[in-house]
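Asks:
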Amino acid sequence: MKKFIQIVLLYFSPLLLWGLVGEVNAQQAQLDSIQNLLVKKNDGDEKELQLLNAIAPLQVNINPDDALNNSEKAIALAQKLKNQSELAVAYNNKGFILLRKSEYADANSFLKKALSINTELKNQNGIADNQTYLAEILRRQGESDSAKIILEKSLLIYQQQKNTNGIANVYYYLGLVYRNLSDTKNMLLFVDKAIALYIQTRNEAGQALAINAKGVYFFQTGDNAMAIKLMGNAAKIDERIGNLYGLASDYGNLGNGYGEITDLPRSIDYTLKAQRIHEQMGNLHMLANNYINIGILYYDLNQFNKALNYTQKGTALFEQLNINNSMYRNGLSYCGLLYSNLNDTHKAFEYLNKSLALNIAAKDEWGLSSCYLPLGIVCFKTNKYDEAIVHLKKALAIDEKIENASGMLWEYLYLGKAIAKASDEVLIKLTINPNQKSKLILDYFQRAIRGGEKNQTKKLLQDTYEELSKYCEAQGNNKLSFEYYKKFIAYKDSIMNTDNSNSISLLQLQYDTEKKEQQITLLTKESKLQQTELQKQSTTRNALIVACALIALLAGVIYNRYRIKQKANTAIEKTLHHLKTTQEQLVEHEKLASLGKFTADVAREIEAPVKQINQLTKLNRTLILNIKKNNSIDEANELKNNLLRIFNYGKEADAVVKKVLTETRKVQG
45 MKKFIQIVLL YFSPLLLWGL VGEVNAQQAQ LDSIQNLLVK KNDGDEKELQ LLNAIAPLQV
105 NINPDDALNN SEKAIALAQK LKNQSELAVA YNNKGFILLR KSEYADANSF LKKALSINTE
165 LKNQNGIADN QTYLAEILRR QGESDSAKII LEKSLLIYQQ QKNTNGIANV YYYLGLVYRN
225 LSDTKNMLLF VDKAIALYIQ TRNEAGQALA INAKGVYFFQ TGDNAMAIKL MGNAAKIDER
285 IGNLYGLASD YGNLGNGYGE ITDLPRSIDY TLKAQRIHEQ MGNLHMLANN YINIGILYYD
345 LNQFNKALNY TQKGTALFEQ LNINNSMYRN GLSYCGLLYS NLNDTHKAFE YLNKSLALNI
405 AAKDEWGLSS CYLPLGIVCF KTNKYDEAIV HLKKALAIDE KIENASGMLW EYLYLGKAIA
465 KASDEVLIKL TINPNQKSKL ILDYFQRAIR GGEKNQTKKL LQDTYEELSK YCEAQGNNKL
525 SFEYYKKFIA YKDSIMNTDN SNSISLLQLQ YDTEKKEQQI TLLTKESKLQ QTELQKQSTT
585 RNALIVACAL IALLAGVIYN RYRIKQKANT AIEKTLHHLK TTQEQLVEHE KLASLGKFTA
645 DVAREIEAPV KQINQLTKLN RTLILNIKKN NSIDEANELK NNLLRIFNYG KEADAVVKKV
705 LTETRKVQG
């Protein structure tokens, strides 16, 4: 099961489907050149549209968010210019970028829009491109049969159009599809074809990916040394051409490879490197894969709680993406195995049976193998030796059929262990001759050892020699038991010596520290944004207050002019209307006095929150300096609380302004 999960992880490697080729300097120079042209070109014409469609594919392996932004600009501009051909390209670009970001529903929608336009325009290469990406979505979601049919249609179109790089892309994806269909011979055939064509077209990004995929074959057949070599070659190419997306896949695969030969410090190192890039690129699908991969590594370290935490993160992310593929199902199987090690048998069988049902429905032989093996292990641990042997034999039969060498070795080990523990009655029930018990046990253990030594699988060898030592001791052969025990200790020490433990702890600490630093950086950035927003709000409030004061002043001027006019008009009738005029003046004076008192009250009400805002702002400056200097989470939290208080004081001042406006309207009335 472990090997299957590692192999599936290898398959979600990226492909630069736009045929980017050449040396790293040429690729980077091309990207820089287009960026410079875009800076100068802001006319909203056909040339800018072509530049936007050209730059998005170059950016997708480095910064998918920039690529997505430019593809959206291209869509808007193509619609404005009514350029259907370039609109299809922009839709296609956005669909593929969203595919990379694991947003499959939206990716599918944009690719189908592009396909509709290309079909109307009879653009054969465009149709083949769209179909290829749509097939990749299906493959990632576990619908390999449907993906195969669509890819074969794309292949015919590319061949008719003599599009060599398109043919290479389809060969690559067909290799992945055949792997999912457990057809390893066709998988290797198509991957080799893809490598040859990528070399011919000088498409180094595609070449690295196909080499990466070829490494899967050697993992499967048990040649871990060759697999690691191929992954290393792929990583060298991706490092040189600056392909971050491909590099993350290479690092993840190297982590798998070193984990298989139980070089755990290197395995953890490469896996965490892959994790950093996946997080940076926002590729949730690969991130889910990597979580499960880290879970496997911690399982090998016997850190079962940490392993379960990572594995469940991976399965939860797959569920969030609504993906029911082989990797998700095998993540469930691994959760079951981990719960067994944590002595929660109920949860163990719950997860394993769920995975088994999903794999039966999907007719996934690799998935079934990776279910039956852990089911056999859990049954063995719960002393259900008859059920253990049945499940292990089912797993072995499937792995022999699909040539899963690594799975077969673990099945040999646990079949030997289960038969050694089973009673004669159980063996007879399973049509196993009890008289052949000893011979059968040793045969299974020796098969495991031969394969383990060939594949350099130290963990398997450690466990097998331990079981052989116990079995020989039970048979009274203490000398041979001691020899096997020494080998067991030697492998155990080589796997988890002090240096390895310290290296692994240091790598995990470094990764955790980086995560905390990122959180502090984000928090500081958030506080700056909030401060800027508060300053804007403060400026707006001050402007409102000034406006209110001007309105009140203008009202006073207008009123005074009205009074002067009234005096002139009523001068003749001054005596008769003296009493009435006096009364009106008294009313008006009372209003002005009331307004003056109100203005003083407003000033006092605004003064308090403004004073608090000023004090908190000074305090926040000090906190920001301390956060930058000490990376203090407590001070960061205090800063966040202060910002909330500033916001509340701002709301209080805002309420005062609204009150001013209300009273001013009354005076105007």
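This note's numbering puts the first residue of the sequence shown at 45, with every later residue one more than the last.
Note that CB positions come from ideal geometry on N, CA and C, so glycine has one too.
In this text the structure is predicted, and so the values were computed from the model without any measurement.
Measuring only the C-alpha atoms, how far is L331 from M325?
Replies: Rounded to the nearest angstrom, the two C-alpha atoms are 10 Å apart.
Asks: Note down, in chain order, each residue of its chain lying with its Cβ closer than 7 Å to the Cβ of W454, except the 5 sequence neighbours on either side.
Replies: Answer for W454: L417 and L504, listed in chain order.
Asks: Quick check: the Cα distance between N369 and S77, rounded to an integer number of angstroms?
Replies: Taking the straight line from one Cα to the other gives about 41 Å.
Asks: By how many angstroms is the C-alpha of Y354 removed from the C-alpha of G303?
Replies: Taking the straight line joining both Cα atoms gives about 16 Å.
Asks: Report the start-end ranges of each beta strand (DSSP E) in the region 396-458 that is 3 residues or longer and not cut off at the edges.
Replies: Complete beta strand (DSSP E) runs here, min 3: none at all.
Asks: Buried or exposed, going by whether 16 or more other CB atoms sit within 10 Å of the CB of G88?
Replies: It is exposed - the Cβ of G88 has fewer than 16 other Cβ atoms within 10 Å.
Asks: Between D698 and A652, what straight-line distance do the alpha-carbon atoms span, to the nearest angstrom?
Replies: One C-alpha to the other measures close to 13 Å.
Asks: Please tell me whether A252 and F262 are closer than 9 Å, where the distance is taken between their beta carbons.
Replies: In this structure, F262 does not lie closer than 9 Å to A252 by Cβ.
Asks: Alpha carbon to alpha carbon, how far is L93 from A401?
Replies: Spanning the two alpha carbons is a distance of roughly 50 Å.
Asks: Could you tell me which of G460, W410, N448 and G411 sits nearest to V434, measuring between CA atoms?
Replies: Comparing Cα positions, the closest option is G460.
Asks: In angstroms with no decimal places, state the Cα-to-Cα distance between N114 and G290.
Replies: Answer to the nearest angstrom: the Cα atoms are 21 Å apart.
Asks: Buried or exposed: S160, going by 16 or more other Cβ atoms within 10 Å of its Cβ?
Replies: So S160 counts as exposed.
Asks: Hey, how far is the Cα of L298 from the Cα of Y314?
Replies: Approximately 6 Å between the Cα atoms of the pair.
Asks: If contact is defined by three or more beta carbon pairs under 8 Å, each pair taking one atom from either stretch, is the region 162-169 in contact with the region 380-389?
Replies: Contact fails: fewer than three Cβ-Cβ distances are below 8 Å.
Asks: Could you pull the start and end residues of the alpha helix (DSSP H) that G296 belongs to?
Replies: It spans L288 to E304 - the alpha helix (DSSP H) in which G296 sits, taken as one unbroken run.
Asks: I'd like the ranges of any alpha helix (DSSP H) spanning at least 4 consecutive residues and lying wholly in the region 489-529.
Replies: Listed in chain order, they are 502-518.
Asks: Residues in its own chain within less than 7 Å of A464 by CB, not counting five upstream and five downstream?
Replies: Within the same chain, A464 has close Cβ partners I485 and Y515.
Asks: Find the nearest neighbour of N346 within the set D507, S399 and N169, judged by alpha-carbon distance.
Replies: Per the Cα distances, D507.
Asks: Straight-line CA distance for S129 to G139?
Replies: Taking the straight line joining both Cα atoms gives about 16 Å.
Asks: Should N546 be labelled buried (16 or more other beta-carbon atoms within 10 Å of its own) or exposed?
Replies: Interpretation of N546 is limited by its pLDDT of 49, a score under 50 that renders its predicted location unreliable; the figure taken from the coordinates is listed afterwards. By the neighbour-count rule (16 or more Cβ atoms within 10 Å), N546 is not buried but exposed.
Asks: So which of G301, V260 and A449 has the shortest CA-CA distance to M231?
Replies: Nearest option by C-alpha distance: V260.
Asks: Please check if any C-beta of chain C sits within less than 9 Å of the C-beta of Y202.
Replies: Among the protein chains of the structure shown there is no chain C, as only one such chain exists.
Asks: Could you pull out every residue in the same chain whose Cβ sits closer than 8 Å to the Cβ of N686, ignoring the five residues on either side in sequence?
Replies: Once the five neighbours on either side are set aside, the close Cβ partners of N686 are L660, L663, N664 and L667.
Asks: With burial defined as no fewer than 16 other Cβ atoms inside 10 Å of the residue's Cβ, what is the status of I404: buried or exposed?
Replies: Burial call: exposed.
Asks: Compute the Euclidean distance between the alpha carbons of G266 and K229, then round it to the nearest angstrom.
Replies: If I take the Cα positions, the gap works out to 15 Å.
Asks: Classify D307: buried if its beta carbon has 16 or more other beta carbons within 10 angstroms, exposed otherwise.
Replies: Label assigned to D307: buried.
Asks: Going by the beta-carbon positions, is the gap between A179 and K166 smaller than 9 Å?
Replies: No, the Cβ-Cβ distance between A179 and K166 is not below 9 Å.
Asks: Count the other C-beta atoms from every protein chain shown that fall within 10 angstroms of the C-beta of H329, then say buried if there are 16 or more, exposed otherwise.
Replies: Classification for H329: buried.
Asks: With DSSP as the reference, label Q480 as helix, strand or coil.
Replies: Residue state, collapsed to three classes: helix.
Asks: Select from K391, T208, Q264 and L220 the residue whose C-alpha is nearest the C-alpha of D443.
Replies: Cα-wise, what sits closest to D443 is Q264.
Asks: Going by C-alpha to C-alpha distance, which of S414, N105, K703 and S513 sits closest to N374?
Replies: Closest by alpha carbon: S414.
Asks: So, helix, strand or coil for A466, using DSSP?
Replies: In this structure, A466 counts as coil in the three-state DSSP scheme.
Asks: Do you know whose CA, among Q319, L218, N477 and Q205, lies nearest E196's CA?
Replies: For E196, the nearest C-alpha among the options comes from L218.
Asks: Kindly indicate the opening and closing residues of the alpha helix (DSSP H) around E248.
Replies: Element bounds for E248: E248 to Q264.
Asks: I'd like the ranges of any beta strand (DSSP E) spanning at least 3 consecutive residues and lying wholly in the region 189-228.
Replies: Whole beta strand (DSSP E) segments, 3+ residues: zero.
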